[in-house]
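Asker:
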Amino acid sequence: MKKKVFGIEVPPRAEGNELSCLPKELWSKVSPQLCGFSSKGDYLSWDEFITRTPQFKGYKEATWHLLKLKRNLEVIDKLFAYKSDGKVALVFYSISSLVHKIHKIERLSTLKHLKLQGNDSQRYLTTSLIMEESISSAQMEGAATTRSVAKALLSTGREPRDFSERMIINNYQLMKYAKASIHEPLTIELIQKLNMVATQDVSENDHVAGMIREGDIAVRGVVDDELIHQAPDANKVSLLLQNLCEFANEEHEGAEFIHPIVKAIILHFMVGYIHPFADGNGRTARALFYWFMLKSGYDNFEFISISSLLKKSMNRYARAFVKSEVDEFDLTHFIDFNMGILIRALEGFTTFMQKKIEDIEKTRLDLHKSPYFRQFKHPHITIIKKALEDAGREFTVKEWQTEFNVTAAASRGYLDKLVDLNLLIKSKERGSRQYKYLAPRNLKERLKIDQ
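Numbering of the sequence shown is given in our numbering, commencing with residue 121 and proceeding in unit increments.
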């Protein structure tokens, strides 16, 4: 009976003479381009390969081994893993299998297709977009809070009321900390700090925030308790993390070049594989991915959320880990899957931004009819748009300070300007020195748009 892990058939091991039985006429038909990818361009694993290649009936194992040879797998220097029997295993990937997706990610990540120029980027790429990954990552780990409540939590700066809200706050702080640390080399201490920020006051499994595990740990299926991943022995974790840091800090230039996007995903995989903590490994791995992407000059990734898509593809996400591990640590399976997620995230972000730009421009066009239009700056138009959409809504200085990434004085100035124009209503909060700003129900009339 064929061995399976998480429903994935473990590939046959090479013994050394597998190709001797393969008819010569089949050799030219076995190539990555012809049979190494799905129709969508995804990198095929063994169990996917055998269902898509009826032309190799009777020679599936031999053709698989030939395909692996032709995939030109490269050893990832500095990194290693452990086989199930405890022996050291090399770690590989196939750069030629990833080039088409790297090109697409590169093109989309510049955001040039959105035609944002100069101040336009600062206007539209606001802090609220940065919040998306923090919220999605927390929801991926089980936080039961709606996006609107989470956005309000982060924008107002109020204290979290429960475990879920604390997790969201932590994730937001985690993303900020990762960004603030991009000029530092990767160290075990930095990895521990990322985990500490992620899990402080929301730890599970008796985990002490930031502390490397001292016991062994296994990942099991939720439904049937199947062993999916046995993490390396606890006494090997420090060595594996040190190697990971050396790999991250090496330049990998010239003939040893590794594309930064590939390298960031490898870091993600290795933290998941090592599982250095009793809790928060996923959040730590994703934060490390963002850390390396920002460190490598992909500044726009600050606004790109991957966790919302990973949450929708949790089964495929786990299977991508397993495919790489059972296929002799060919990380291409995991890298390819995550590149697909990145492409979808970038395409979704593009659609969102195009809609946002269109909505703001429509509001700007409508407000052009107002006698106050010449006094409006972009933040005023954004606030008015929200006020028109939600009559009676309360605004705070903190909310727009966070959204526009400006000082409290600047935020207050935008709101007070609209009060002076009789477009918002200002009142002091009960029992507080703070003011709140209300969107009047007759705002359209106050704007005098129809006159």
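Where a beta carbon is used, it is the ideal one built from N, C-alpha and C, also for glycine.
1) Can you look up F421 in the DSSP assignment and give me helix, strand or coil?
2) Kindly indicate the opening and closing residues of the alpha helix (DSSP H) around I426.
3) If we call anything under 8 Å between Cβ atoms a contact, is Y410 one with M287?
4) Who does V125 pair with in a DSSP beta bridge?
5) Report all residues from its chain with a CB closer than 8 Å to the CB of S216; omit the five preceding and five following residues, and keep chain order.
6) What span of residues does the beta strand (DSSP E) with S547 cover, start to end?
7) Could you check which residue in V382, L543, I504 and R553 has the C-alpha nearest to that of H223?
8) Leaving out the 5 sequence neighbours to the left and right, which residues in its chain are closer than 7 Å to G335 when beta-carbon positions are compared?
9) When we look at the beta-carbon of N435 and count the other beta-carbons within 10 Å, is it buried (16 or more) or exposed?
10) Is DSSP giving V442 helix, strand or coil here?
11) When DSSP labels each residue in this structure, what does V343 get in the three-state scheme?
12) If you draw a straight line from the alpha carbon of E481 to that of A559, how long is it in whole angstroms?
13) Apply the 10 Å Cβ neighbour rule to C365 and answer buried if 16 or more other Cβ atoms are within range, or exposed otherwise.
14) To the nearest angstrom, how far is the alpha carbon of W166 from that of W147?
15) Is the segment 195–206 touching the segment 158–172 in the sense that three or more CB pairs, one from each, lie closer than 8 Å?
16) Count the other C-beta atoms from every protein chain shown that fall within 10 angstroms of the C-beta of S490, then say buried if there are 16 or more, exposed otherwise.
17) So E366 is in the beta strand (DSSP E); what residue range does that whole segment cover?
18) Compute the Euclidean distance between the alpha carbons of I545 and R267, then round it to the nearest angstrom.
19) If you draw a straight line from the alpha carbon of S229 to that of F421, how long is it in whole angstroms?
20) Less than 8 Å between the beta carbons of H327 and G262, yes or no?
21) Based on DSSP bridge pairs, tell me the residues matched to H233.
22) DSSP beta-bridge partners for D450?
Answerer: Taking the structure as given:
1) helix
2) Counting along the chain, I426 falls outside any alpha helix (DSSP H), and DSSP gives it neither H nor E.
3) no
4) I128
5) P152, R191 and N192
6) I545 to K548
7) V382
8) A354
9) Under a 10 Å Cβ-count criterion, N435 is classified as exposed, with fewer than 16 other Cβ atoms of the shown protein chains found around its own Cβ.
10) helix
11) It is coil, neither helix nor strand.
12) 20 Å
13) Within a 10 Å sphere around the beta-carbon of C365 sit 16 or more other beta-carbons, which makes this residue buried.
14) 18 Å
15) No contact exists between the segment 158–172 and the segment 195–206.
16) buried
17) No beta strand (DSSP E) holds E366; the alpha helix (DSSP H) holding it covers V357 to N369.
18) One C-alpha to the other measures close to 27 Å.
19) 7 Å
20) no
21) In the DSSP output, where bridge partners are listed per residue, H233 has none listed.
22) Its beta-bridge partners are F212.
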